[in-house]
Amino acid sequence: MASIVLAAHDEVFRTPRELYEMFGNESGASGGWLFGAQCDAVRPGNAVTLDLPLGSDVGDRVQLLGRISRCVPGRLIEITHDQPWQGELRVSLRRSTPMGSRVVVTASVDDQGLAWLMHRRGWPRLVAQDPGVHRIGLLVSKSGPNAVNSIACEYLAQMAVDEINSDGGLRGKRAELLVVDDATDPHRAFVESRHLLAAGCRAIIASVTSASFAAACQGVGASGIPIIQPHLNEGGPETTSVFRWGERPLAQVRALAQVAMESAGGRRWYLIGNDYCWSHAAHRDSKRVISEAGGHVIASTFARLGTLDFSRVVEDIERKGTEIVLSTLVGADEVAFQRQAHSAGIRSRCETVSLTMEEATRERVGDAAATGIWVAFSYFQSLDDREGDELSSRYRAQFGQLAPPISSFSHAVYEALMSYSAAARRCRNDDPISVANQLHAPRERIARRSVASPPPDFAHPGTLQVGQARIGGFALVDPAPPGRTTRGRARRSSSPLRAL
Numbered sequence: 029m030a031s032i033v034l035a036a037h038d039e040v041f042r043t044p045r046e047l048y049e050m051f052g053n054e055s056g057a058s059g060g061w062l063f064g065a066q067c068d069a070v071r072p073g074n075a076v077t078l079d080l081p082l083g084s085d086v087g088d089r090v091q092l093l094g095r096i097s098r099c100v101p102g103r104l105i106e107i108t109h110d111q112p113w114q115g116e117l118r119v120s121l122r123r124s125t126p127m128g129s130r131v132v133v134t135a136s137v138d139d140q141g142l143a144w145l146m147h148r149r150g151w152p153r154l155v156a157q158d159p160g161v162h163r164i165g166l167l168v169s170k171s172g173p174n175a176v177n178s179i180a181c182e183y184l185a186q187m188a189v190d191e192i193n194s195d196g197g198l199r200g201k202r203a204e205l206l207v208v209d210d211a212t213d214p215h216r217a218f219v220e221s222r223h224l225l226a227a228g229c230r231a232i233i234a235s236v237t238s239a240s241f242a243a244a245c246q247g248v249g250a251s252g253i254p255i256i257q258p259h260l261n262e263g264g265p266e267t268t269s270v271f272r273w274g275e276r277p278l279a280q281v282r283a284l285a286q287v288a289m290e291s292a293g294g295r296r297w298y299l300i301g302n303d304y305c306w307s308h309a310a311h312r313d314s315k316r317v318i319s320e321a322g323g324h325v326i327a328s329t330f331a332r333l334g335t336l337d338f339s340r341v342v343e344d345i346e347r348k349g350t351e352i353v354l355s356t357l358v359g360a361d362e363v364a365f366q367r368q369a370h371s372a373g374i375r376s377r378c379e380t381v382s383l384t385m386e387e388a389t390r391e392r393v394g395d396a397a398a399t400g401i402w403v404a405f406s407y408f409q410s411l412d413d414r415e416g417d418e419l420s421s422r423y424r425a426q427f428g429q430l431a432p433p434i435s436s437f438s439h440a441v442y443e444a445l446m447s448y449s450a451a452a453r454r455c456r457n458d459d460p461i462s463v464a465n466q467l468h469a470p471r472e473r474i475a476r477r478s479v480a481s482p483p484p485d486f487a488h489p490g491t492l493q494v495g496q497a498r499i500g501g502f503a504l505v506d507p508a509p510p511g512r513t514t515r516g517r518a519r520r521s522s523s524p525l526r527a528l
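According to my numbering, the stretch in the sequence shown is residues 29 to 528, in order.
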C-alpha cells in the first residue's frame, strides 16, 4: 500500500525535556502544545487524541485518534492512529539553542487516507459496480464527535468479511466491504447512503448516531436492501428492511438505577445529553425508570452535538445538590464532559452513570476521570468467555497489539455482519428482500449471544452486564437483588483489559 510522507518543523522556546513532559498535559499553562494533544501520560499503549488542522480554513479540523507506540524521553514520541485513517505520526525533539528546541513532525498518509482527505475536500468518490462481488456497505463515523465510539468498528467489520470469505464467501461471490464516513452529520449520512446504494451494496451496516441512521434510511428509501443499526439505540419503527439491534436505554437504566442510588446513598438525579433524538428518548426512558425506582430527576438538559465546554453544566450540577449524574452524551462530548466533571471534583461528590461510555471512550476519558462511572452493556472485552477470548486473539493477530479495544459498539458490527452472512446463505437467491426476511427470522447463535427477534426494550435476548470503570478497564458487578440496600458486588478485579 503506497504512502505519502508529510513533514513540518518549527522552533519552540522550550527545552526538549519540557516539551516532552508537557505533551498532552491540558492542565498546564501551555498544555496541549502540539495539535491540542490529549494524553494522560507519555507511555507506550496510552490513548492519544490530536486536533489536526486540514488546511487554511480554521474550521476544517479533525480529531486524530490513536495511541503512543514508542517514546524516548526528551527526544521522540511516535503515535499510531486509527481514525480517520490509519497511519503514523512521529514527533522528534532536538535542542537548537540553550533554551529552545527544533520540533519536527512527520506524518504518513496511505492511499485510504488520501482518498478520505480528497473526499473531505469535495472530490467525488467513484466506485464502479462489480457483479463478481457481494458488496456490503459500512456507514461509520470516521470523523466528528461519534468517531470515538466507532474507532474499532471498521477493523471488526473487515475481520468479519475476511472470515466470511475464508468460509467460501456469499453464494459463490467474494464479500467486499465498502466503508464511508458520515462525519457525525445526518446530511452526510444521507449522501453517503446514496453512494453505497449506487455502488451496488447489498446491505448497509450503520455504526452511526440515531440521527444519521434515520437520514441513511431515507437515503436507502424503497430499495429494499437491509440497513442495520447494530448497537445502542432508542428503538423506533422497523420495516422489512430496517433493523435496529443492540442495547436500549430503558434496559440500561433499569440495570443501573438501583445500584447507582445505593452507592450514592441518594436519589437526586441530574440528566445531561446531546440535543438529538437518541438522548431525548433516553432521558424520557430514564425519568420513567428513576421514578419507578424511587428516585427524583432534578434537571434534564441537552447540549449541541460537538460541545466541548461543559463548565456551565458542571456548575449547575454543583448548585442543584446533585447526587447522581446520568450522561447520554456521545463520543468526544462525553470525553470532554467526564474529564471536566472530574477536574471540578464532581466524581468525589456524586455517583455517575453513563449510557455510552464503552471501552474506547473510557480510555480517552482516562483512568483518573473515568474511575467509578457506572455503565451497562451486553458486551465487555473483559468478560470471561471462551468465544470472546478467541475473537480477541484473532483481532489482535490481524490488527496488532496497538489496535483499539473491542467494545459493545464494535462487537455489534462484527455480529451484524456474521448474522447477515448467515441470512444470505440461507436464501435461494440474491434478492435483498429475501435476505431481509431471513434476518427477521430466529437466527443461530453468532459470536457470544443469540440474536433473534427483539423484546420491546432490548434487541438481543440476554443479560446486560453492569460494569464500573476502573484503572485499565471495567470491573463487572453483580447488582444487589431488588429490595436489598447493599451495594453491588464486584466479581472481577480492575486489572487492565486484554487490549494490551
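Glycine included, C-beta positions come from ideal geometry on N, C-alpha and C. Since the model is a prediction, treat every value here as computed from it, not as a measurement.
Asked: Residue of Asp68, Ile32, Ala35 and Val317 minimising C-alpha distance to Tyr48; Found: Asp68
Asked: Cβ shell of His147 (< 7 Å), same chain only, five flanking positions each side left out; Found: Arg153
Asked: Boundaries of the beta strand (DSSP E) in which Phe405 is found, first to last residue; Found: Trp402 to Phe405
Asked: Sequence-distant residues of its chain with Cβ nearer than 6 Å to Gln111 (five each side left out); Found: Leu93, Lys170, Ala175 and Ile179
Asked: Three-state class that DSSP yields for Asp79 in the structure shown; Found: strand
Asked: Assigned secondary structure, Gln426 (DSSP; H/G/I helix, E/B strand, else coil); Found: helix
Asked: Assumed close pair Gln366, Ile326 - CB separation to whole angstroms, cut-off 8 Å; Found: No, Gln366 and Ile326 are not in contact; Cβ-Cβ is about 20 Å, not under 8 Å.
Asked: Residue range of the beta strand (DSSP E) that includes His324; Found: His324 to Ala331
Asked: C-alpha gap between Leu383 and Gly359, whole angstroms; Found: 11 Å
Asked: Bridge partners - Gly165, DSSP secondary structure assignment; Found: Leu206 and Ile232
Asked: Alpha carbon of Ala226 to alpha carbon of Ala285, nearest angstrom; Found: 45 Å
Asked: Simplified DSSP assignment, three categories, for Arg89; Found: strand
Asked: Nearest-angstrom Cα separation, counted from Ala135 out to Val505; Found: 42 Å
Asked: Close beta carbons around Val155, own chain, < 7 Å, minus the five adjacent residues each side; Found: Leu206 and Ala227
Asked: Bridge-paired residues (DSSP) for Val353; Found: Tyr298 and Thr380
Asked: Beta carbon of Gln534 nearer than 8 Å to that of Met50; Found: In the structure as shown, the chain starts at 29 and stops at 528, and residue 534 therefore has no counterpart that could be examined.
Asked: From Ser410, Ile32, Ala444 and Ile300, residue whose alpha carbon lies closest to that of Leu260; Found: Ala444
Asked: C-alpha gap between Pro484 and Thr491, whole angstroms; Found: Low per-residue confidence applies at Pro484: pLDDT is 38, beneath 50, and the placement is therefore not dependable enough to give any value.
Asked: Nearest-angstrom beta carbon gap, Arg454 and Leu198 [assumed within contact, 8 Å]; Found: Contact flag wrong, Cβ pair sits at about 11 Å.
Asked: Separation of Phe218 from Ile232, as counted between CA atoms; Found: 12 Å
Asked: Nearest neighbour of Arg163, chosen from Ala503, Pro254, Leu62 and Gly141 [CA to CA]; Found: Pro254
Asked: Boundaries (first-last residue) of the alpha helix (DSSP H) holding Ile179; Found: Counting along the chain, Ile179 falls outside any alpha helix (DSSP H), and DSSP gives it neither H nor E.
Asked: Sequence-distant residues of the same chain with beta carbon closer than 6 Å to Glu46, five excluded per side; Found: none
Asked: Segment contact flag, the region 294-314 with the region 349-357, C-beta cutoff 8 Å, min 3 pairs; Found: yes
Asked: Cutoff 8 Å: Gly263 Cβ touching any chain C Cβ; Found: Chain labels in this structure do not include chain C; a single protein chain is all it has.
Asked: Sequence-distant residues of the same chain with beta carbon closer than 6 Å to Ala464, five excluded per side; Found: Pro254, Thr268 and Ser269
Asked: As assigned by DSSP and simplified to three states, the class of Ala431; Found: coil
Asked: Close-in-space but distant-in-sequence residues of the same chain around His439 (CB under 6 Å, 5 per side omitted); Found: Tyr407
Asked: Which residues DSSP lists as bridging Thr237, in chain order; Found: According to DSSP, Thr237 bridges with nothing at all.
Asked: Leu27 - DSSP class collapsed to helix/strand/coil; Found: For the chain, the structure presents residues 29 to 528; residue 27 sits outside this window and is missing.
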